[in-house]
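In what follows, a structure is listed as structure tokens, so that the remarks can point back to it.
Next up, the structure:
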């Protein structure tokens, strides 16, 4: 995977993870173009896009678009499932996740993502294991401080 | 599929529109980040946001720089900085503090520090060096979470040069008791392998250990490395195939812990990774492929649940099956799978189906044929993505016959597309790229081994062009550019045929490129003459091209130089070409008239050929009056010679002249004749292309699916419709709403208009893909002229051929009611006898009574007069021999009073038919008297034209019974891969319809009925001594269900076609 972007229906970026080294300028340009392209697509349309020399796999969950860029020989369907598994993880972690959870706790979303995908490859696909890793780190945190704990928003 | 999540998400509508409802209940955070976010959402303009963020950033900047800021505050500041960066505002001042936070903070602060680093920096950023020490320290920490964090950041980015510093520590982690540490260590090594493979070369055995790890997660992680390594060097890891196969078997068999299930599918990510590895290992390797057939089959079988994830696995499986060494049974299943994808109402699956088709279509064009209507529908899909992928698919099946339609479709798409990138890409493809580049590759790779018709049809296409002049110009220009750069490179490596193509194109079209001096091109071409490997045939092409180009003083001197260098060549043709070049370079006017520019596109009417060579009369009479001996045709000379020696050469009459041919040729050429014929020959390539364009008229008769629509009424519709017999392709997903996709029933229900249009489009798109016999004949038709221009050299007979062809073409055209065939194997003659045929001359006697003894006993077609003039009458027939098809021709000349059995020649199979006959012709023409020579040219060409107009000839004349036993039949059946199924009409006039039908086929098509058991029969035949074709027939529901198999792609279709015709005619 080359990168993953999360953005809202209004086109606001909510999360970005780049697995290939790119300059900030390029990143901004890609994000802008891609957000535009994806938002312009109708609901019943294909979830895959050819974009430049990449393949874009995107899926909309409520108001949030999850969008991944993969290479041509990669499997589009499994990428779609990667997105889905990530949403499941978020859902499990935040307890029925919504966009706000991700906005206010974006660093958590990043932590979860890093436990799931590492360097652009699926690292751990067992839901239980990913959450265990996150919770272990969180436990430490809660004992020390309850800054920005998830529960504040619940 | 994600119903649960989607429901939960949509169940919170009040929370979803954050921007429109600022200050919603959830935003109770008192944190500074919360304030910032809320602040932003309350803003109305971009400008205000900018101001707010700038203010925020300067406050952050101030705080991070302050020595009083605690690490805990720092953590909070970093989160805000990350947020600002995400919004697109630069916060580079905070980068160094992120590193500091990772270094100095407690575990939790570290975590944010590392996160900020990984978001802010990329692996080439210089600040990253400052992180190395922190990583080193954390890797050695006793706190597992710290180790994890360090490994996580390392797996994402690390300065290449510093890898050796931490490598031992990471390696050590491979044996860590905690699997999460081992897993992350493996992924870190994967990252190292990607950025600096040499650094980790020595620990390959440790990768193997990771592969054997007891934890499936670690093992899965190690596959990333293996996939990469095997991609680069599949040979090095063949020994692991068995292990990968075993792992996959276990996974598929559900041996992994339940944790790894995803929607009750066992470890799909792992499966897909393994499938990809296996396909790399099995590619072009039969023995390795054999090891995986079983598990692939198993995977296909297990993945039956209707869920995206199983489709993902299926798709990967199909890809593997088509990548590794093929196995018929698996291919069949995979094809079925692709069918399910293509026909699926789910758009994502449809897309993947098209993608898979694109992938496999080169191997199995028939698969695309099966789905032609779906493909046509996709071409008009509302989603551009689908459309685009369909074009990609069409792009792969483009051939000389459907290129126009496909290019048109692409252009249509271009008009719609607004995306620059797509436009650029597609324009490149459409206009030139694929065409020239592909042909370049084809020529360079195919080299001299390929059929001569490929370069010829390429040149034909290039010269005829498409509809738009501008496009044609672009295409030619592109070809010129591409070839000039090839010649500037290393032309020595290019095959001869390609060099010939290059020479021709440069000769014709290099003037299109502005700024390209003819002299430059000439020099490039001249270089070819000096190369050791250039054959003399190529050299004459090169010289011909140079003759077209030589313009200006530079060129004259170059031509001079060349004529000095090559004027003494032993090769007469070459010598002649050099002379031409020299003369033409000196006389621009002559050149312009002899080699007019763009001659190739102009219609052939521009060029009037005086076939009687009357313009030479003056010269001849002058020479005669000056005392020259009158010209004697070689055969007359030969007779005289024979008489002089008082030795009868009669019995060898036919073979002798061949050895004499070269000298007789030389004898004939008086200087004027030489220069004249060379002037003509200069144009001969062009002319032969004109010959090509004449063929188009012939094509018009045969090519029933023109771009302008549906031309013929009968066969092709039925055929194209019947080709898509919907073998059991109905997927579960197709049920229900899916019925709107076309259920392609073979029954001839009246087709609604749009449907018909689609079928038309389908047949014009899929023309040449091997389903329609008429189609494969169209492509054959191009052959004769193409071959002739190559084989006959560029001498004046070629012109005659083309000339005569034109005549043939016109006669054909004026006779529209005729079926395209002039001769039919069953002896019906549809050609009108030539107009000025002497009525009192017996029609048949001239040849049949004079057929040589060895042919007299064989069946032959009716003898057809081909042409006649006042003193010459030519007829021909074809004779069927056990192992060959002979074309026999005879002529009767007034001058000779008697029949000259001019030539009999044999051929061994249809593929070499043209080649051989042309070769033979080449030999023959040399010893015939000159006006007979002319007529012979006429004869041979018209024979060929007739032959290849004949849809029936190929099979009817070449098909022979194949006598095999039922057992042998069984073995053969299994060995053949090309198959076709179809229903045929059953004859009902006899007692037993099956036997009656088979008898008819047997008699008409020379099939061998191997056995008839009950309602089933098996039949075998072959083409002469060559390729077999098997047919299995079964009486089913009042029709004859036939199943044909052969090792040759087109043969089953061809036979099927003839069966249909034979039964129809009965």
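Chains as they are written, first to last, in my numbering: chain A, 42 to 195; chain B, 439 to 1504.
No residue lacks a Cβ here, since even glycine has one placed at the ideal position from N, Cα and C.
Give a yes or no on contact between the segment 778-787 of chain B and the segment 142-150 of chain A, applying the rule of three or more CB pairs nearer than 8 Å. No, the segment 778-787 of chain B does not touch the segment 142-150 of chain A.
Give me the Cα-Cα distance between residue 686/B and residue 626/B, rounded to the nearest whole angstrom. Within the second chain, numbered from 1, the residue matching residue 686/B stands at position 248. Within the second chain, numbered from 1, the residue matching residue 626/B stands at position 188. Between the alpha carbons of residue 686/B and residue 626/B lies a distance of about 24 Å.
Chain-ordered residues of the segment 764-795 of chain B with a beta carbon less than 9 Å from chain A: If the cut-off is 9 Å between Cβ atoms, the segment 764-795 of chain B has 785, 786, 787, 788, 789, 790, 793 near chain A.
For the segment 78-89 of chain A against the segment 711-726 of chain B, do three or more pairs of beta-carbon atoms, one drawn from each stretch, fall closer than 8 Å, so that the two count as touching? With the cut-off at 8 Å, the segment 78-89 of chain A and the segment 711-726 of chain B do not touch.
Determine whether the beta carbon atoms of residue 556/B and residue 591/B lie at a separation below 8 Å. Position 118 of the second chain holds residue 556/B. Position 153 of the second chain holds residue 591/B. With contacts defined as CB atoms closer than 8 Å, residue 556/B and residue 591/B qualify as a contacting pair.
Is the CB of residue 48/A under 8 Å away from at least one CB in chain B? On the first chain, residue 48/A is found 7 positions in, with the first residue counted as 1. Using a CB distance cut-off of 8 Å, residue 48/A does not count as an interface residue toward chain B.
Contact list for residue 90/A against chain B, beta-carbon separation under 8 Å: Looking up residue 90/A in the first chain gives position 49. In chain order: 823.
In chain B, which residues lie less than 9 Å from residue 151/A when you measure between Cβ atoms? Taking the first chain and counting its residues from 1, the one referred to as residue 151/A is at position 110. Within chain B, the residues near residue 151/A are 520, 553, 556, 557.
Against residue 814/B, what residues of chain A qualify as contacts under a CB-to-CB distance less than 7 Å, listed in chain order? Stepping through the second chain from its first residue, residue 814/B is reached at position 376. Within 7 Å Cβ-Cβ: nothing; residue 814/B doesn't reach chain A, min ~18 Å.
Short check: CB of residue 140/A to CB of residue 168/A, under 8 Å? Counted from its first residue, the first chain places residue 140/A at position 99. Counted from its first residue, the first chain places residue 168/A at position 127. Taking C-beta atoms as the reference points, residue 140/A and residue 168/A fail to come closer than 8 Å.
So, is the C-beta of residue 929/B closer than 8 Å to a C-beta in chain A? Residue numbering aside, residue 929/B sits at position 491 when the second chain is read from its first letter. Not an interface residue.
Less than 8 Å between the C-beta atoms of residue 1022/B and residue 1029/B, yes or no? Residue 1022/B sits at position 584 when you count from the first residue of the second chain. Residue 1029/B sits at position 591 when you count from the first residue of the second chain. In this structure, residue 1022/B places its C-beta atom within 8 Å of the C-beta atom of residue 1029/B.
Below-8 Å beta-carbon distance, residue 725/B vs any chain A residue: The residue labelled residue 725/B in the question sits at position 287 within the second chain. With 8 Å as the cut-off, residue 725/B does not count as an interface residue toward chain A.
Output needed for residue 550/B: all residues of its chain with C-beta closer than 8 Å, excluding positions within five of it in sequence on either side, in chain order. In the second chain, the residue the question calls residue 550/B occupies position 112. Excluding sequence neighbours, residue 550/B sits near 513, 516, 517, 539, 543.
Spatial neighbours of residue 178/A in its chain, beta-carbon cut-off 8 Å, leaving aside the 5 residues before and after: Mapped onto the first chain, residue 178/A falls at position 137. Cβ within range, chain order: 152.
Report the residues of the segment 617-633 of chain B with a CB closer than 9 Å to any CB of chain A, ordered along the chain. Here the close residues are 617, 618, 621, 622, 625, 626, 628, 629, 632.
Distance CB(residue 1410/B)-CB(residue 1480/B) smaller than 8 Å: What you label residue 1410/B is simply residue 972 of the second chain in a count that begins at 1. What you label residue 1480/B is simply residue 1042 of the second chain in a count that begins at 1. Going by C-beta atoms, residue 1410/B is not nearer than 8 Å to residue 1480/B.
Near residue 1438/B, which residues of its chain fall below 8 Å by C-beta distance, leaving aside the five closest residues on each side in sequence? Counted from its first residue, the second chain places residue 1438/B at position 1000. So the list reads 1425, 1500, 1501, 1504, once near-sequence residues are dropped.
Residue 1430/B versus residue 764/B - alpha carbon distance: By one-based count along the second chain, residue 1430/B stands at place 992. By one-based count along the second chain, residue 764/B stands at place 326. Across the structure, residue 1430/B and residue 764/B are spaced so that their CA atoms are roughly 41 Å apart.
Answer with buried or exposed for residue 1535/B, where buried requires no fewer than 16 other C-beta atoms within 10 angstroms of its C-beta. The shown model of chain B, from 439 to 1504, leaves out residue 1535/B, and the question about it has no answer.
Output, in chain order, the set of chain A residues within a Cβ distance shorter than 8 Å of residue 550/B. Position 112 of the second chain, counted from the start, is the residue given in the question as residue 550/B. Under a criterion of Cβ atoms nearer than 8 Å, the residues of chain A adjacent to residue 550/B are, in order, 148.
Local Cβ density within 10 Å of residue 898/B, reported as buried at 16 or more and exposed below that: Locating residue 898/B in the second chain gives position 460, where the first residue counts as 1. With 16 or more other Cβ atoms from the protein chains shown falling within 10 Å of its own Cβ, residue 898/B counts as buried.
First and last residue of the alpha helix (DSSP H) that includes residue 826/B? As a working mapping, residue 826/B is identified with position 388 in the second chain. Counting along the chain, the alpha helix (DSSP H) containing residue 826/B begins and ends at 822-834.
Roughly how many whole angstroms lie between the Cα atoms of residue 727/B and residue 715/B? Here residue 727/B refers to the residue found at position 289 of the second chain. Here residue 715/B refers to the residue found at position 277 of the second chain. So the alpha carbons of these two residues sit roughly 12 Å apart.
For residue 59/A, which residues in the same chain have their Cβ closer than 8 Å to its Cβ, ignoring the five residues on either side in sequence? Translated into positions along the first chain, residue 59/A becomes position 18. Listed in chain order, the non-local C-beta contacts of residue 59/A below 8 Å within the same chain comprise 43, 44, 68, local neighbours out to five positions each way being set aside.
Which listed residue (1058/B, 931/B, 707/B, 1019/B) has its alpha carbon closest to that of residue 122/A: On the first chain, residue 122/A is found 81 positions in, with the first residue counted as 1. Comparing Cα positions, the closest option is 707/B.
Can you name the start and end residues of the alpha helix (DSSP H) that residue 678/B belongs to? What you label residue 678/B is simply residue 240 of the second chain in a count that begins at 1. Run containing residue 678/B: none; DSSP gives neither H nor E here.
Selected residue, minimal CA-CA separation from residue 1474/B, among 928/B, 1454/B, 1482/B: Within the second chain, the letter at position 1036 stands for residue 1474/B. Answer by Cα proximity: 1454/B.
Three or more beta-carbon pairs under 8 Å between the segment 962-978 of chain B and the segment 930-948 of chain B, yes or no? At 8 Å Cβ cutoff, the stretches touch.
Identify the continuous beta strand (DSSP E) that holds residue 524/B and give its terminal residues. On the second chain, residue 524/B is found 86 positions in, with the first residue counted as 1. Residue 524/B -> not in any beta strand (DSSP E); alpha helix (DSSP H) instead, spanning 509-524.
Any beta-carbon of chain B closer than 8 Å to the one on residue 87/A? Here residue 87/A refers to the residue found at position 46 of the first chain. Judged by the 8 Å Cβ criterion, residue 87/A is in contact with chain B.
Taking only three categories from DSSP, how would you classify residue 83/A? As a working mapping, residue 83/A is identified with position 42 in the first chain. It is coil, neither helix nor strand.
For residue 659/B, collect the residues of the same chain with a Cβ closer than 6 Å to its Cβ; drop the 5 residues on either side in sequence, then sort them by chain order. One-based indexing of the second chain puts residue 659/B at position 221. 621, 624, 625.
Out of 554/B, 530/B, 529/B, point me to the one whose CA is closest to residue 541/B's CA. Counted from its first residue, the second chain places residue 541/B at position 103. Of the candidates 554/B, 530/B, 529/B, the one whose C-alpha sits nearest the C-alpha of residue 541/B is 554/B.
From what residue to what residue does the beta strand (DSSP E) around residue 1416/B run? One-based indexing of the second chain puts residue 1416/B at position 978. Looking at the DSSP string, the run of the beta strand (DSSP E) that includes residue 1416/B is 1416-1423.
Closer than 8 Å at the beta carbon, the chain B residues around residue 174/A: Against the first chain, residue 174/A aligns to sequence position 133. Under the 8 Å cutoff, chain B gives 586, 618.
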